[in-house]
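Engineer:
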Amino acid sequence: MEEEMWRQFYEKVKESESKKDRTEHDIRIQELDGGFFEKFGTLLKEQHSQQEDGDGLASVREDEQPRSVELQLDIPEETGEGSPAMALQDSDSEPDDADKREFITDAMGWNIEELYSEILYEILHIVGCDAAAEEERAPLFCYLQEAFKLDYEKHNQLLEMARAKEAPNILLNVEVIEARDLRPKDANGLSDPFCTLFLTSSVAHRYNTSVKQETLNPVWEEHFSLPVENPAEDVLYVEVWDFDPAETVREKMMKIGEVKGVRGLRKLMKEIAVTASTGKHDNELVGCAALPLKNIPASGQTLWCTLEKKGKAKKQGDVKIQLSFSSEKNSQVASQEHRHLLRLMLLHELENSKECDLEEPDGKMFSKCKVGVEPFQWNGKFSQSAETILTQHLVQCGLSTAVVTLAQWVEFSSVHVDHPLSFITFSLLLQKLIKPLQNGLITDDEEKLFWEAAKKILPSCYNGIRKIRKLTHSDKSTLQQLSAILSILSQLATLQPPEGTNLFPPSIYGWLAVSENEPNCDIRATLDAAVTQGAEDWFFHILENNNSNDPSEEAQLNHLIRIIQLLRTDLQKAIEFHDRLFQQYFRFSYAKTLYKLYESKVAELVEPVVTEVCKSLKPLKFNDRATDGICDNDPLLMGTTLFELYLIVQRFAVLGTGLCPVDSDVFNIHNFHLWFHAGVAQWLDIALYKALQRIKKAVEIDNLVPVDGSVKYSSSAVDTLAIFYQIKIFWKQLAWPDVEGSYTFVAKIIDDICRCSVFYADQMSGKVEGMGESQNVYEKKFEVTNEWCLAINNIDYVQQSIQPFVGELGMEEIVTSLANFRSQTAADHCQRTLQLVIDNAVDTVGNKILELLEKVAEKMAPAINRFLLEGAELLKQENNCVDRLMKYLDDNLLTLHSHLNTDNFSRILSIIWENLSHTMYELVESNLERRRPPTFFLNLHETLKILVGFFKQGEEKNETNSPAILKQIEHLLLLHGMETWELIHQYNLERREEQIALELPNLGLLTVRIQFVEDLLRIEILNARNLHAMDANGSCDPYVKVHLLPEEKFRTVTKPRTKTHKKTMFPLFDENFTLHLTPEQRHLKNGLIMFTVKDQDFLGMNEFLGEAFVSFSDVPKTDMTTGLEELEQVHLKLSRPTKQDSEAYRALENRHDKLSRDFLKKEKAKYSSS
């Protein structure tokens, strides 16, 4: 129930915080301390929401800004219109057009016209479907002329020379891979297929594959090279045959068991007939496919060809083949030509990648201009013309894939130095080169070329890693480029450079600590160094651009907050975007490496500043007693900045625990909380100081009306619990890691909360004092008001929050940790101490509630007493005093019931009833002393009955139980309201109980027989024994007298008396008596028979020997046929009065009538005779 209450309060607080406009009440409360708790709570809420939105370690938004920080980091904007180009370049300039043209002629190393002529020759004799028609070659000539930057005259001259040359020797390379779903040709439902290849220009020159036995899905994977005389006109034919071996009729008959179906049987019979008649065994054509060479791309093609057969509409199956062109040419020359051609094509592509429209100055005309490729944007794809030219060259030169890929690697790397290309291009190339390099499929010279090219790429790769922070991290292309960089480095790391290779010369890698005399090829170590150097550069860049000229402590703390935020942002980006890539390619913990560097830097920056700030904090002063509230302190300048820094450092440390779970204990920042210890203690004092101030203000402005219609407490209770809520948030977010420190702080918080609760109860009690009181000429009156009820509910509401609040602080977890850290005994002691503080606070606040309830009852008491006294005096007269009492109680209890909660209403009812009972008791006692008549007490008893009925009517609802004193009051009122004869009979009834309680017959025994026969009472007095000697002769003269009690009811009945027996203590009476009673007398409730034994004295008064009592209810009831002699004898123990303090006796002493005086006189005589 309490937990639910606490939860509901939290929801109300959160709901109220979510409202944009603060109420006037909130403003008045918060203006007291400048919104201290709200500001801090907002800060914690933001920090908490950031953690919830993160990835479990800690999240940082790129736009995360510290509160009240005016410093701004001067981060260079991304260059290249949003591209990562310039961010990764060491140089800010590119070669101009003149430089490029000079590069074309000077860097080639041989005659450019010869290369141009060779490419023209290849275009004239183009193979495949790239540009078979004459009109399709014109764009290629145009593109080639632009790329080589030759004029028309030179172009035409070289073109004529190329046409004069003989046609090249072209080869068609064919790989017959497999076939599928062939039509069966044998009787067993299968075939024995083989494949035949030939060109239409040389039909006689056929190429056959091997025969695959009994299958319709053969796999060959066999290679053939066919000379091509006319690539533009030739057609390749692929035929699939079923092989039929030379078999005799007998051998074919032996296959009858392998026949499949009627169709197979028919085939076998046909073969047997042909063999028997002609002896022939010709192969049978399955199907044929024709492929014109002009439709085959120059780069080659792999395809499925459909097999067809003349006269057959259905497909006869499919055959898969791979086709490519090649020629016979010197491989070294061809490779060199291809590298130079690649460079020329690439430079031209980079310079003239795309066209754009430019508006002329007059605003009417448009002209075309060509725009070059941005750095790092070229992805390895040439334009269609360039691709066709390059493909024709490699095909007609017969270059292998490895040689072509190596040429691209070398030339792209050279161009990359001045105009960076996309790293993805190099990554893809390297994937193709890895196996040839690892398997030794390239020459030593080619391997040297490979590593020289790698040395040109590596600086930009490591530069990209160092300057990774200048990129747009969420940009997909950026991550692709980083992935490509790491792919390049990881693949290079698997290769072994030639001996003596130095991949990282100091002249280029000035940031790398390497020896100038020893070659360095450790790619992974250099990667680690690049990551570290990049992090250090970023850290010092942050410091340089965030210098603060303000020497104040507040400015220093804000400066540190900003620095750590930026470092966390960098770490978060590393976790979110980069770490996965570094792990994927190198199993390198990128984020962990950054964190290890940053945490030491953070510790060096933060610890001295925080330590100094905490030393400068002054302790606060409070009054000794909580009820005195707070004393004046100097203005508290310390805000939330120090604790914002704490939270930032805490999250930074938590991030390290997630990244480096093994190493986190040895980090410099591991014990960061110890730097803030004094600051946390100071904040708790500040929180207590401000809480007491705010509680006092909240009570002052509380109008004591419910905050809404669903609750029975007012605004000050909500304000007080809001303070508790903010303190709870602070502690939760503080997450103090030291268990002993946690215990100390939690104990402090609990003690402060208890102090605030008690302080609130005192303030609220003082606020309602005097409310509801009124006075006129005749009387002073108190009426219960709504304010009193709300004050009680408010204190109760705060009290109920104490225990759940402690649970929210995590006290159980702290005690458990303390047991593991120290011992269970110490933990139990600490828990008992905390629980004692809590119990004391709950009891103290509970006592405040009871004090208020008792005060309400106390203020109601005078009116109740007056009404009771009037009712006792005037009840039987025409007087409305009881009605006025009932109305007074009804009005006030209705107010209490309407505005108090259920528990407090039950409490106030119990208190009022208890007080009323004590009032009644005191009223009875005081009036006994005044010797009031029985009618007074009877009236008072009637009034009591009315009150009991009034309070009992809601007993089931409020579970109010009558106090024990009520029975005593009722007994006294009944006792003193009796008539004198009733009191005397009550006394005799008490005497009978004393007789029953006797253990020994010290005064002797009286033996009798008694019976009721209808309305006759028959008594036989038999004897007496062991009577006391009363005479001087040591004996006595006893007789027995019979009394029926109460005598007031038996005045008409004679009192029988036996004869006197002289000088004996064992008299034998043997006398019978019959008494006639009326039916009313016979059935009288509590009727008694009293036997009085006396010693007859002839010279003075008879002396009392003893008496015995028999209740009417104990007398046997018989008819006339039963005689007394048939009944058992009854032995009655004789007794005398021994005490005079019974209630009935004392009540008789308060009476002054003759009957009571005579009775008391007789009783005193009996008592004195004993």
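Start counting the sequence shown at 1; every next residue gets the next number (UniProt numbering). We put the beta carbon where it would ideally sit given N, CA and C, even for glycine.
Can you round the beta-carbon distance between Tyr921 and Ile969 to whole angstroms, since I take them to be within the 8 Å contact cut?
Structural biologist: Translated into the one-based positions of the sequence shown, residue 921 becomes position 921. Translated into the one-based positions of the sequence shown, residue 969 becomes position 969. Yes, they are in contact, since the Cβ atoms of Tyr921 and Ile969 sit about 5 Å apart, within 8 Å.
Engineer: So what does Cys288 bridge to, in DSSP terms?
Structural biologist: Here residue 288 is taken as the residue at index 288 of the sequence shown, counted from 1. In DSSP, Cys288 forms a bridge with Glu239 and Glu308.
Engineer: Hey, out of Ile727, Glu1103, Arg568 and Ala791, whose CA is closest to Ala698's CA?
Structural biologist: Taking the sequence shown and counting its residues from 1, one reaches residue 698 at position 698. It is Ala791 whose Cα lies nearest to the Cα of Ala698.
Engineer: Take Ser326 as the anchor and find which of Leu852, Leu659, Pro227 and Gln800 has the nearest alpha-carbon.
Structural biologist: Locating residue 326 in the sequence shown gives position 326, where the first residue counts as 1. The shortest C-alpha separation from Ser326 is found at Pro227.
Engineer: Answer with buried or exposed for Ser552, where buried requires no fewer than 16 other C-beta atoms within 10 angstroms of its C-beta.
Structural biologist: Numbered from 1 along the sequence shown, position 552 holds the residue referred to as residue 552. When all chains shown are included, Ser552 counts as exposed.
Engineer: Taking the alpha carbon of Asp1097 as the reference point, which residue from Met1090, Phe1091 and Leu1105 has its own alpha carbon closest?
Structural biologist: Here residue 1097 refers to the residue found at position 1097 when the sequence shown is read from its first residue. Answer by Cα proximity: Leu1105.
Engineer: Could you give the residue range of the alpha helix (DSSP H) that holds Cys142?
Structural biologist: Working through the sequence shown from its first residue, we reach residue 142 at position 142. Run containing Cys142: Ala138 to Phe148, per the alpha helix (DSSP H) assignment.
Engineer: Apply the 10 Å Cβ neighbour rule to Trp538 and answer buried if 16 or more other Cβ atoms are within range, or exposed otherwise.
Structural biologist: Counting from 1 along the sequence shown, the entry for residue 538 is found at position 538. Under the 10 Å beta carbon count, Trp538 is surrounded by 16 or more other beta carbons and is classified as buried.
Engineer: Under 8 Å between the Cβ atoms of Leu684 and Asp752?
Structural biologist: Position 684 of the sequence shown, counted from the first residue, corresponds to residue 684. Position 752 of the sequence shown, counted from the first residue, corresponds to residue 752. Contact flag set, yes.
Engineer: Measuring alpha carbon to alpha carbon, tell me which of Lys1139, Glu607 and Pro1046 ends up nearest Leu1088.
Structural biologist: Walking along the sequence shown from the start, residue 1088 turns up at place 1088. Among Lys1139, Glu607 and Pro1046, the Cα nearest to that of Leu1088 belongs to Pro1046.
Engineer: Use the C-beta contact count for Gly287: other C-beta atoms within 10 angstroms, 16 or more gives buried, fewer gives exposed.
Structural biologist: Counted from its first residue, the sequence shown places residue 287 at position 287. Per the 10 Å Cβ criterion, buried.
Engineer: I need the boundaries of the alpha helix (DSSP H) containing Val333, first residue and last residue.
Structural biologist: Start at 1 with the first residue of the sequence shown, and residue 333 comes out as number 333. From DSSP, the alpha helix (DSSP H) with Val333 extends over Ser331 to Glu351.
Engineer: Are the beta-carbon atoms belonging to Asp1095 and Lys1063 less than 8 Å from one another?
Structural biologist: Walking along the sequence shown from the start, residue 1095 turns up at place 1095. Walking along the sequence shown from the start, residue 1063 turns up at place 1063. Taking 8 Å as the cut-off, the Cβ atoms of Asp1095 and Lys1063 do not count as close.
Engineer: Contact check, Val815 vs Ile750 under 8 Å by CB: the rounded distance?
Structural biologist: Your numbering for residue 815 matches position 815 in the sequence shown. Your numbering for residue 750 matches position 750 in the sequence shown. Not a contact, Cβ separation roughly 12 Å.
Engineer: State whether the segment 418-431 contacts the segment 140-159, with contact taken as three or more CB pairs (one from each stretch) at a distance under 8 Å.
Structural biologist: no
Engineer: Please tell me whether Ile561 and Leu645 are closer than 8 Å, where the distance is taken between their beta carbons.
Structural biologist: If you number the sequence shown from 1, residue 561 lands on position 561. If you number the sequence shown from 1, residue 645 lands on position 645. Taking 8 Å as the Cβ cut-off, Ile561 and Leu645 qualify as a contacting pair.
Engineer: Is it a yes or a no for the segment 668-681 touching the segment 708-716, going by three-plus beta-carbon pairs under 8 Å?
Structural biologist: Touching, no.
Engineer: Can you give me the Cβ contacts of Thr919 inside the same chain, cut-off strictly under 6 Å, excluding the 5 residues immediately before and after it?
Structural biologist: On the sequence shown, position 919 is the one that residue 919 refers to. Excluding positions up to five away in sequence, the list reads Asn865.
Engineer: Keeping to the same chain, check which residues put their C-beta closer than 6 Å to that of Gln481; ignore five residues upstream and five downstream.
Structural biologist: Residue numbering aside, residue 481 sits at position 481 when the sequence shown is read from its first letter. Closer than 6 Å at Cβ, skipping near neighbours: Phe423.
Engineer: Between the C-alpha atoms of Phe745 and Asn703, what's the straight-line distance to the nearest angstrom?
Structural biologist: Your numbering for residue 745 matches position 745 in the sequence shown. Your numbering for residue 703 matches position 703 in the sequence shown. Roughly 35 Å between the two C-alpha positions.
Engineer: Locate the alpha helix (DSSP H) running through Leu720, then write down its first and last residues.
Structural biologist: Within the sequence shown, residue 720 is the residue found at index 720, counting from 1. The sequence given here has Thr at residue 720, not Leu. Thr720 -> alpha helix (DSSP H) spans Ser715 to Leu734.
Engineer: For Leu566 versus Leu642, is the C-beta spacing smaller than 8 Å?
Structural biologist: Against the sequence shown, residue 566 aligns to sequence position 566. Against the sequence shown, residue 642 aligns to sequence position 642. Cβ atoms of Leu566 and Leu642: not closer than 8 Å.
Engineer: For Phe667, count the other beta carbons within 10 Å of its own beta carbon; 16 or more makes it buried, fewer makes it exposed. Which is it?
Structural biologist: Residue mapping note: residue 667 aligns to position 667 of the sequence shown, counting from 1. When all chains shown are included, Phe667 counts as buried.
Engineer: Alpha carbon to alpha carbon, how far is Val174 from Tyr237?
Structural biologist: As a first step, residue 174 is located in the sequence shown; it is residue number 174 there, counting from the start. As a first step, residue 237 is located in the sequence shown; it is residue number 237 there, counting from the start. Approximately 11 Å, taken between the alpha carbons.
Engineer: Could you spell out the range, first to last residue, of the alpha helix (DSSP H) harbouring His559?
Structural biologist: For the purposes of this step, residue 559 is identified with residue 559 of the sequence shown, where counting begins at 1. Looking at the DSSP string, the run of the alpha helix (DSSP H) that includes His559 is Glu553 to Lys573.
Engineer: Which of the three DSSP states, helix, strand or coil, is assigned to Gly679?
Structural biologist: Here residue 679 is taken as the residue at index 679 of the sequence shown, counted from 1. Correct three-state label for Gly679: helix.
Engineer: Going straight from the alpha carbon of Pro1116 to that of Leu1077, what length do you get?
Structural biologist: In the sequence shown, counting from the first residue as 1, residue 1116 sits at position 1116. In the sequence shown, counting from the first residue as 1, residue 1077 sits at position 1077. So the two alpha carbons sit approximately 16 Å from each other.
Engineer: Using CA atoms only, rank isn't needed, just tell me which of His899, Ala861 and Tyr143 is closest to Tyr888.
Structural biologist: Your numbering for residue 888 matches position 888 in the sequence shown. Just measuring C-alpha positions, the residue of His899, Ala861 and Tyr143 sitting nearest Tyr888 is Ala861.
Engineer: Have a look at Thr443 and Ala402 and give me their C-alpha separation to the nearest angstrom.
Structural biologist: Counted from its first residue, the sequence shown places residue 443 at position 443. Counted from its first residue, the sequence shown places residue 402 at position 402. Distance between the alpha carbons of Thr443 and Ala402: 11 Å.
Engineer: Just mark Val417 as buried or exposed, buried being the case when its beta carbon has 16 or more other beta carbons within 10 Å.
Structural biologist: To locate residue 417, count along the sequence shown from 1; it is residue 417. Exposed, because fewer than 16 other Cβ atoms sit within 10 Å of the Cβ of Val417.
Engineer: Could you say which of Met886, Glu858, Phe936 and Leu341 lies nearest to Asp910 if we only look at CA atoms?
Structural biologist: Here the question's residue 910 lines up with position 910 in the sequence shown. First, the amino acid is wrong: residue 910 is Ser here, not Asp. Checking every option, the nearest Cα to that of Ser910 belongs to Glu858.
Engineer: Would you call the segment 1012-1025 and the segment 1068-1082 touching, i.e. three or more CB-CB distances under 8 Å?
Structural biologist: Because the criterion of three Cβ pairs below 8 Å is met, the segment 1012-1025 and the segment 1068-1082 touch.
Engineer: I'd like the span of the alpha helix (DSSP H) that includes Gly1106, first residue to last.
Structural biologist: For this step, residue 1106 is matched to residue 1106 along the sequence shown. That residue, Gly1106, is in no alpha helix (DSSP H); its beta strand (DSSP E) goes Glu1103 to Ser1111.
Engineer: Between Asn1072, His1028 and Thr980, which lies nearest to Lys1049 when the distance is taken from Cα to Cα?
Structural biologist: For the purposes of this step, residue 1049 is taken as residue 1049 along the sequence shown, with counting starting at 1. Considering only alpha carbons, the answer is Thr980.
Engineer: Span of the alpha helix (DSSP H) holding Ser757?
Structural biologist: For the purposes of this step, residue 757 is identified with residue 757 of the sequence shown, where counting begins at 1. Counting along the chain, the alpha helix (DSSP H) containing Ser757 begins and ends at Val739 to Val768.
Engineer: Whose CA, out of Pro934, Met811, Cys789 and Ala841, lies closest to the CA of Thr902?
Structural biologist: Taking the sequence shown and counting its residues from 1, one reaches residue 902 at position 902. The candidate whose alpha carbon is nearest that of Thr902 is Cys789.
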